[in-house]
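Novice:
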Amino acid sequence: MSEPTPVSRARLALLLGGLGVLVIVAGLGALFIGSASVPPRDVLAVLTGRVRGVDQVVVLSLRLPRILAALLAGGALAVAGASFQALARNPLAEPSVLGVSSGAAFGVIVAQVVGLGSGLVEAVGLAACAFAGALVAGAAVYLIASRAGGLPVHTLLLAGVIVGIFFSSAITVLISVVDFDRLGGVVHWLLGNLSPIAPGSLAVFAALTALGGWLVIGAARRLNLLALGEESAQQLGVDAERLKRRIFAGAALLTSAAVAFAGPIGFVGLIVPQSLRLLLGPDNRVVIPAALLGGGAFLLVADTLARNVIAPAELSVGVITAFCGTPFFIYLLRARVANPHL
Amino acid sequence: MTPLLDCQRVAFNYAARDASAGAFAIRDLTFDVRAGETFGVIGPNASGKTTLVRLLSRVLVPSGGRILLEGEDVTRLGRAEVARQIAVVPQDVPSGFPHTVEELVLMGRFPRAPRRFFETEADRAAARRAMEAVGVLELRAALLDRLSGGERQRVMLARGLAQEPRLLVLDEPTAHLDLRYQAECAGLLRRLGRQRGLTIVLVSHDLVFAAELCDRLLLMAGGAAVRVGAPETVMDEAVLEAAYGCRVIVDKHPVSRRPTVHLVYPTGGD
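Taken in sequence, the protein lines are chains P and G. Numbering-wise, the first sequence is residues 1 to 342 according to the working numbering. Numbering-wise, the second sequence is residues 343 to 612 according to the working numbering.
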C-alpha cells in the first residue's frame, strides 16, 4: 500500500492548478468547435478583437457565454453533490436523486409563469424561486427519511424519488395549465440544456456559485468529522446542527443556481465527486474544491459533445450526463450491496 | 483538592421524540473522578450509561445539577474547549467513506485549532505519537474498513489520544471484542493509566473487565447512582442482584485477587 500523501496547502494548490489547466484547455477547445463552422484562424482573430460580424457573434455571444454557463453549472452541481453526500453520509446522494433539483425546477417554472424574464433583477428573482423550491424539496426529503439516529440509505433514496416525482408532476400541471407560448423553451430547459445566458444572469450565476462554494468549502474540515456521525463530530467540538444547516443551505443554493440558469441536469453531482474520491481519497478539503473545477470541466466536455454529436441538431447535455451517470449509479449501488460499509 | 470531574445532582430527560435506542434518563446523579484514576461506570441496560457519556461530552446539556471540570461548569465551555479536555472513544462506528487510519486519527486534532483548514506538522507529530502509543502506526495507511474490530478500536483510541485530553472516556471498549482483544485492550488501558497518568472513565457492560481495571466504580440503575466506591464495595452480591434483577455470585479472581462475578443461570426447572 502506498503511503498516503498528507493533505496540505501545497498539494491542494498543485491539484487545483492541474484542474485549472484542464478547465482552460476544455474551454479553449469548446470555443473552436461548433455546428457553425468558424475556422480556427477566425476564432483567434475574434479573440484578439480583429474580426467583427457573424463570426464574432458566434464565438463571443453564443459559444463563450455557454462555455461559462457550463463551467459554473458543472462546478455548482458537483459541489452540491459532494455536500449532500457528506451530509447524508452516503455516496449515492445527489441533487437530482434527492429530488432537490426537481424542487428547484418547480420554483423556476413558477417564476416563469409569473412572468420573470431575463434581466438582472429578474435573474435574482428566478434564482430566489429556485432556492425556495430546493429548500422545500430538501426539507421534505429529510423529514420523510430521518429516523432517530440517522438517515437510513434506502428511505433517503426512496424519499428523494417520491419528492422528485411529486415536483415533476406539479411542473407538468403548471405547463399544461399555462399558455405554452409563455413558457417558450421550458421543455427544452427541463431536459437539462445549456444555452447562452445574458451577461447579467451570468454574473448572478457566478456570484451565487461563489457564495455556495464558500459556504461548503469553508466548512470542509468540519464536514470530514461528520463522516463518523453527528455525535462523534460534536464530541470533537463541532456544532453539528449549525454545520448541517450551513452545508444544506450551500448545497441548495448551488443546486438552485445551476437549475435556474442551466436546467435540472442530473448525475453531475454523483459522477464527479465519486470519481474524485476514488482518485484522491475522501478528504472533503480536497474533494470539494476539486469538484468545483472538475465538475465544470466535465459538464463543458459533455456539452461540447451534445452540441456536436448530431450537428446541426443538438442533444440535451442532460442526456449525455444521464447516459454516463446511470451505469455509474448502478455500479455504486451494487458495490454498496456487496459491502455495506462503502 | 478539586476533583478533575465533579457531577453534582445531574439530571436529564429526553423529550419523547428524541429518545433513541439505548438512551435513558438520568436523575440526581452525584459522583466525582479524581485526577489520574481509572473510574468505571457499570450498570444494566437502560441505566443511563450512554446518556452520561453524552452529558460528559456536552452533546447533551443537563436539565438539572452541574457537571464541573476542574471546578468549571462544562456547559459554560465551548464545544471545542470541552473536546480539548475530554476525549470520547466511541463504540465501533462505521464511516460512510473510506478513511485511512491516519486521516481518522488526525481528526482528533480538530479541537486544538478549529479555525485552521489544514493540520500542521505539530498535528501530524501528535497523531503519530498517538498511533505509536496504541500500536497502530504501521497501519496508518490502511483503510479503516479493512481492519479487525480490535484494530479499529485501537484506532479510535488513538484519535482520542491525539486530542491530548485531560480525561479519556471510553464507551464500551470491549463490546465487540473477543478474549484476545479484551486482554490487549486491558493491557493498553493499564499502560495509558499508569505510565501516562491519564484519567480514564470506562463505561462498560462487562463487570469483570471494569472491576479488574478500575480504581473505583459507579454502579448505575434506572438513571441513578446505586453505589460508588472501590470495586470490593460495589461488587457486592446483594447490590448487584438488586440492580440487575438476577442471581450472581461474587468471587475473587484467582490471579489478580480482584472481585469477579459469576451469573447463576436459571435451571429452567422453576
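For each residue, glycine too, the CB sits at the ideal point set by N, CA and C.
Helix, strand or coil for residue 62 of chain P, going by three-state DSSP, please let me know.
Specialist: Three-state result, residue 62 of chain P: helix.
Novice: Looking at the secondary structure, which residues open and close the alpha helix (DSSP H) in which residue 408 of chain G lies?
Specialist: First-last for residue 408 of chain G: 406 to 411, but that is the beta strand (DSSP E), not the alpha helix (DSSP H).
Novice: For residue 551 of chain G, I'd like the list of residues in its chain whose CB is within less than 6 angstroms of its CB, leaving aside the five on either flank, ordered along the chain.
Specialist: Excluding sequence neighbours, residue 551 of chain G sits near 516.
Novice: For residue 480 of chain G, count the other beta carbons within 10 Å of its own beta carbon; 16 or more makes it buried, fewer makes it exposed. Which is it?
Specialist: exposed
Novice: Identify the contact partners of residue 49 of chain P in chain G, using a Cβ-Cβ distance below 7 angstroms as the criterion.
Specialist: The contacting residues do not exist; residue 49 of chain P stays about 41 angstroms from chain G at best.
Novice: Using 8 angstroms as the Cβ pair cut-off and three pairs as the minimum, do the region 306 to 314 of chain P and the region 322 to 329 of chain P touch?
Specialist: No, because fewer than three Cβ pairs between the region 306 to 314 of chain P and the region 322 to 329 of chain P fall closer than 8 angstroms, the two stretches do not touch.
Novice: Pair every Cβ in the region 103 to 111 of chain P with every Cβ in the region 278 to 298 of chain P, then say whether three or more of these pairs are closer than 8 angstroms.
Specialist: The answer is no - the region 278 to 298 of chain P does not touch the region 103 to 111 of chain P, with fewer than three Cβ pairs under 8 angstroms.
Novice: Answer with yes or no whether the minimum CB distance from residue 478 of chain G to chain P is below 8 angstroms.
Specialist: no
Novice: Report all residues from its chain with a CB closer than 7 angstroms to the CB of residue 135 of chain P; omit the five preceding and five following residues, and keep chain order.
Specialist: Once the five neighbours on either side are set aside, the close Cβ partners of residue 135 of chain P are 252.
Novice: Would you report the Cα separation of residue 431 of chain P and residue 17 of chain P, rounded to the nearest angstrom?
Specialist: Lying before the first or after the last residue shown, residue 431 of chain P is absent from chain P, which here runs from 1 to 342.
Novice: Going along chain P in order, which residues have a C-beta closer than 9 angstroms to the C-beta of residue 546 of chain G?
Specialist: The contacting residues do not exist; residue 546 of chain G stays about 18 angstroms from chain P at best.
Novice: By the three-class DSSP mapping on this structure, what secondary structure does residue 327 of chain P have?
Specialist: helix
Novice: With 16 other CB atoms within 10 Å as the buried threshold, where does residue 586 of chain G fall?
Specialist: buried
Novice: Residue 602 of chain G and residue 525 of chain G: beta carbons closer than 8 angstroms?
Specialist: no
Novice: Anything in the region 222 to 252 of chain P with a Cβ closer than 8 angstroms to a Cβ of chain G? List those residues in chain order, please.
Specialist: 222, 224, 225, 227, 228, 229, 231, 232, 234, 235, 236, 237, 238 and 239
Novice: In this structure, does DSSP put residue 442 of chain G in helix, strand or coil?
Specialist: strand
Novice: Would residue 468 of chain G count as contacting chain P if we go by Cβ distances under 8 angstroms?
Specialist: Taking Cβ atoms only, chain P never reaches closer than 8 angstroms to residue 468 of chain G, which makes this a no.
Novice: Could you name the residues of the region 267 to 287 of chain P whose beta carbon sits closer than 8 angstroms to any beta carbon of chain G, in the order they occur along the chain?
Specialist: 277, 281, 282, 283 and 285
Novice: Following the continuous beta strand (DSSP E) through residue 571 of chain G, name the residue where it begins and the one where it ends.
Specialist: 566 to 571
Novice: Hey, is residue 512 of chain G's beta-carbon within less than 8 angstroms of any beta-carbon in chain P?
Specialist: Interface criterion not met: the Cβ of residue 512 of chain G is under 8 angstroms from no Cβ in chain P.
Novice: DSSP on residue 414 of chain G, reduced to helix/strand/coil?
Specialist: Residue state, collapsed to three classes: strand.
Novice: Thinking C-alpha only, which one of G/476, G/584 and G/560 is nearest residue 574 of chain G?
Specialist: G/560
Novice: Using the rule of at least 16 other Cβ atoms within 10 Å of the residue's Cβ for burial, across every protein chain shown, is residue 341 of chain P buried or exposed?
Specialist: Below a pLDDT of 50, predicted positions are generally treated as unreliable, and residue 341 of chain P, at 44, falls in that range; the measurement from the model is reported next regardless. The residue is exposed, with fewer than 16 neighbouring Cβ atoms inside 10 Å.
Novice: Verify the CB distance criterion: does residue 421 of chain G have a CB-CB separation below 8 angstroms to chain P?
Specialist: yes
Novice: Does any C-beta atom of chain G lie closer than 8 angstroms to the C-beta of residue 3 of chain P?
Specialist: Here the model assigns residue 3 of chain P a pLDDT of 48, short of 50, so the residue's position is not dependable and the matter cannot be decided.
Novice: Anything in chain G within Cβ reach of residue 8 of chain P, meaning under 7 angstroms, just list it in chain order.
Specialist: 460
Novice: Using the Cβ count rule (16 or more neighbours within 10 Å means buried), how would you classify residue 173 of chain P?
Specialist: exposed
Novice: Look up residue 129 of chain P in the DSSP assignment and give the residues it is bridged to.
Specialist: Paired residue(s): none; residue 129 of chain P is not in a bridge.
Novice: Mapping DSSP to helix, strand and coil, what is residue 498 of chain G?
Specialist: helix
Novice: Going residue by residue through the region 551 to 608 of chain G, where are the continuous alpha helix (DSSP H) segments of at least 4 residues, counting only ones entirely within it?
Specialist: Those alpha helix (DSSP H) runs which fall completely within the region 551 to 608 of chain G and span 4+ residues are 573 to 576 and 579 to 586.
Novice: Following the continuous alpha helix (DSSP H) through residue 427 of chain G, name the residue where it begins and the one where it ends.
Specialist: Where residue 427 of chain G is concerned, the enclosing alpha helix (DSSP H) stretches over 421 to 427.
Novice: Using a Cβ cut-off of 8 angstroms, which residues of the region 483 to 499 of chain G contact any Cβ in chain C, in chain order?
Specialist: Judged by its chain identifiers, the structure shown contains no chain C, and its protein chains are P and G.
Novice: Alpha carbon to alpha carbon, what distance is there between residue 211 of chain P and residue 52 of chain P?
Specialist: When only Cα atoms are considered, residue 52 of chain P and residue 211 of chain P end up about 36 angstroms apart.
Novice: Answer with yes or no whether the minimum CB distance from residue 672 of chain G to chain P is below 8 angstroms.
Specialist: Lying outside 343 to 612, the shown extent of chain G, residue 672 of chain G is not represented and no answer is given.
Novice: Quick one: what does DSSP say residue 211 of chain P is sitting in, helix, strand or coil?
Specialist: helix
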